[in-house]
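Q: Residues 78 to 486 in the working numbering are what the sequence shown spells out, letter by letter.
A virtual CB, placed ideally from N, CA and C, is assigned to each residue, including glycine.
Pasting in a structure now, in structure tokens, and then I'll have a few things to ask.
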Amino acid sequence: MTTRTASEHRPGGESKVRTFFMEDYLESIRLERRNLGESGARSLTVAELLQGVGLTRDEIAADLLEISLRNSPNWGRDDLRDAIAAIHPGATRDNVLVTTGTSEALLLLFRHLRPRRLALAMPAFQQLYELPITLGAEIVALPVHWNDAGAPHVDRTEWLDLIRRARPDCLLLNNPHNPSGLVFAPELCEELLAYAETHHIPVIADEHYRFHAGDRELLGPTLYRPHGRVFVTGSFIKCLGCTGLRIGWCVGDRAELAAMQNDKNYTTHTVSPLSEWIGYHVMRSIDTPILAQLRAEWSENRRMLDRFLASSRRLFGRAPAGGFVTCVGVRGASDRRAIAAVAQQMAERHVFLLSLDTMEVGVGVRRDAPALEQGLGFRLGLGVVPGDLREALALAEAAAEAAHARGEL
78 MTTRTASEHR PGGESKVRTF FMEDYLESIR LERRNLGESG ARSLTVAELL
128 QGVGLTRDEI AADLLEISLR NSPNWGRDDL RDAIAAIHPG ATRDNVLVTT
178 GTSEALLLLF RHLRPRRLAL AMPAFQQLYE LPITLGAEIV ALPVHWNDAG
228 APHVDRTEWL DLIRRARPDC LLLNNPHNPS GLVFAPELCE ELLAYAETHH
278 IPVIADEHYR FHAGDRELLG PTLYRPHGRV FVTGSFIKCL GCTGLRIGWC
328 VGDRAELAAM QNDKNYTTHT VSPLSEWIGY HVMRSIDTPI LAQLRAEWSE
378 NRRMLDRFLA SSRRLFGRAP AGGFVTCVGV RGASDRRAIA AVAQQMAERH
428 VFLLSLDTME VGVGVRRDAP ALEQGLGFRL GLGVVPGDLR EALALAEAAA
478 EAAHARGEL
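As structure tokens, this is what we get:
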């Protein structure tokens, strides 16, 4: 059983340094055209987003200029909550709390639940484990594995055995998963829900990528259930290229959301009325031209990445099954110095990926594990237009070739 405690994450400790470096690094490359380090769709303008959901410029101007700049309702405006409830079967507006992105939803949720032992897939986006650790929680790591070809997978038996032995008091499932790009099997999700119900423990479902969870359906399935202690955090802002709106939500039991809402009174208090107005128009009908366009770009980029990786001499991995990120390795890279050398060659060519050690991938992993499991690689994001991705992949290959020619691989 692998657990991690708060004492292993002291302020100023090694993992904290890497966590902060990730955010600083992403901030430094945010405006780069060949930025494959980000984890969402390409950024849209207000006009692109709102015209893409069916509003005319005249309608946008007329409505936008009439918005009162008073505080929005603390729970979120009713029509937006209705629209969010509609994509969680069995929910009503009373089961929805609108938050400043999923970041606030998770903060409020962890402060409310106060888990002592949290089980979740690892590696993971830092907020999913750093927040509970700061509140004194122990982390039960449910390993995500990669094979030598760079394909991610989980071992259902291993996960269930770990959970039964560790007896966590909270389960968290990030689906689709960041950074592997996995979409967890419905059968596994149902087994986890059944375990949680039997043992009376809450489940947190982080469904931030639900709008890009597969090719067949517009929306991936949700773990929300109208009964029991399942809490869903989500948003559309990464999938629709509008992270600056900072619109998120938590869907769950009304009484427990009310306790979180009271806490929200002393954090952000309210979401911007401008963001909520835009959010409502995005969510009132999710079957929109702009979502169809972004999903088409996403699908094309996934196919392009798989073709590239199948023929690449230096890079290997798989396109994500869901979400905007996956992990790629570098053939011949045996340590982190080699990955840093490739990253430097990429930067010189103005193409940017995110080194996996900035996400703490590989912490505590055996030296004989596959390279990606050790963190010897990069997180690669697909949130750029296909032409930019094609160019960036060619430059990334050239960078790895240059590192090899210099004897750094």
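1. Please list the terminal residues of the continuous alpha helix (DSSP H) segment that includes N378.
2. Among R426, G394, A415 and E267, which residue has its Cα nearest to the Cα of P229?
3. Check the C-beta distance from R391 over to E474 and give it rounded, since I have them as a contact under 8 Å.
4. S352 by DSSP, collapsed to three states: which one?
5. Does the separation of the CB atoms of I240 and Y286 fall below 8 Å?
6. Which residues bound the beta strand (DSSP E) around W326?
7. I144 to L132, Cα distance in whole Å?
8. Return the chain-ordered ranges of every beta strand (DSSP E) run that is complete within the region 253-288 and spans a minimum of 3 residues.
9. Note down the Cα distance separating D292 from I106, rounded to an integer number of angstroms.
10. Have a look at A398 and G258 and give me their C-alpha separation to the nearest angstrom.
11. With the cut-off set at 8 Å, would you say F455 and L486 are in Cβ contact?
12. Of the choices V407, P200 and N148, whose alpha-carbon is the least far from that of P350?
13. Quick check on G484: buried or exposed, where buried means 16 or more other Cβ atoms within 10 Å of its Cβ?
14. Exposed or buried, A480, counting other C-beta atoms within 10 Å across all chains shown (16 or more means buried)?
15. In chain order, what residues of the same chain lie with their CB nearer than 6 Å to the CB of H165, ignoring the 5 residues before and after it?
16. In whole angstroms, what separates the C-alpha of V173 from that of I161?
17. Can you list, in chain order, the residues of its chain with a C-beta nearer than 6 Å to that of R306? Leave out the 5 residues immediately preceding and following it.
18. Would you list the residues sitting across from V407 in a DSSP beta bridge?
19. Leaving out five residues before and five after F261 in sequence, what residues of the same chain have Cβ atoms less than 6 Å from its Cβ?
20. Can you look up I314 in the DSSP assignment and give me helix, strand or coil?
21. Would you kindly report the start and end of the unbroken beta strand (DSSP E) that includes R194?
22. Residues bridged to R456 by DSSP?
A: According to the structure shown:
1. Residue 378 sits at position 301 when you count from the first residue of the sequence shown. Here the alpha helix (DSSP H) through N378 covers P366 to S388.
2. Within the sequence shown, residue 229 is the residue found at index 152, counting from 1. Ranking the options by Cα distance to P229, first place goes to G394.
3. Along the sequence shown, read from residue 1 onward, the residue named residue 391 stands at position 314. Along the sequence shown, read from residue 1 onward, the residue named residue 474 stands at position 397. Yes, R391 and E474 are in contact; Cβ-Cβ is about 6 Å, under 8 Å.
4. Taking the sequence shown and counting its residues from 1, the one referred to as residue 352 is at position 275. If DSSP states are grouped into helix, strand and coil, S352 belongs with the helices.
5. Here residue 240 refers to the residue found at position 163 when the sequence shown is read from its first residue. Here residue 286 refers to the residue found at position 209 when the sequence shown is read from its first residue. Not closer than 8 Å, so no.
6. To locate residue 326, count along the sequence shown from 1; it is residue 249. I324 to V328 is the extent of the beta strand (DSSP E) around W326.
7. If you number the sequence shown from 1, residue 144 lands on position 67. If you number the sequence shown from 1, residue 132 lands on position 55. Those two C-alpha atoms are separated by around 16 Å.
8. 280-283
9. As a working mapping, residue 292 is identified with position 215 in the sequence shown. As a working mapping, residue 106 is identified with position 29 in the sequence shown. Those two C-alpha atoms are separated by around 30 Å.
10. To locate residue 398, count along the sequence shown from 1; it is residue 321. To locate residue 258, count along the sequence shown from 1; it is residue 181. Those two C-alpha atoms are separated by around 6 Å.
11. As a first step, residue 455 is located in the sequence shown; it is residue number 378 there, counting from the start. As a first step, residue 486 is located in the sequence shown; it is residue number 409 there, counting from the start. Not in contact: F455 and L486 (Cβ atoms no closer than 8 Å).
12. Here residue 350 corresponds to residue number 273 of the sequence shown, with the count starting at 1. Out of V407, P200 and N148, N148 has the C-alpha closest to the C-alpha of P350.
13. Here residue 484 is taken as the residue at index 407 of the sequence shown, counted from 1. Exposed, by the Cβ-count rule.
14. Counting from 1 along the sequence shown, the entry for residue 480 is found at position 403. The residue is buried, with at least 16 neighbouring Cβ atoms inside 10 Å.
15. Taking the first residue of the sequence shown as 1, we reach residue 165 at position 88. Answer for H165: T299, Y301 and V328, listed in chain order.
16. Within the sequence shown, the letter at position 96 stands for residue 173. Within the sequence shown, the letter at position 84 stands for residue 161. Near 7 Å, if we compare the C-alpha coordinates of I161 and V173.
17. Reading the sequence shown from its first residue, position 229 is the one you call residue 306. Only P279 meet the Cβ criterion.
18. Looking up residue 407 in the sequence shown gives position 330. Bridge partners of V407: L392.
19. Here the question's residue 261 lines up with position 184 in the sequence shown. Counting only Cβ-Cβ distances below 6 Å, and skipping sequence neighbours, we find N252.
20. Indexing the sequence shown from 1 puts residue 314 at position 237. The answer is coil: DSSP assigns I314 none of H, G, I, E or B.
21. Indexing the sequence shown from 1 puts residue 194 at position 117. Start and end: R194 to M199.
22. Looking up residue 456 in the sequence shown gives position 379. Looking at the DSSP assignment, R456 forms a beta bridge with C404 and L431.
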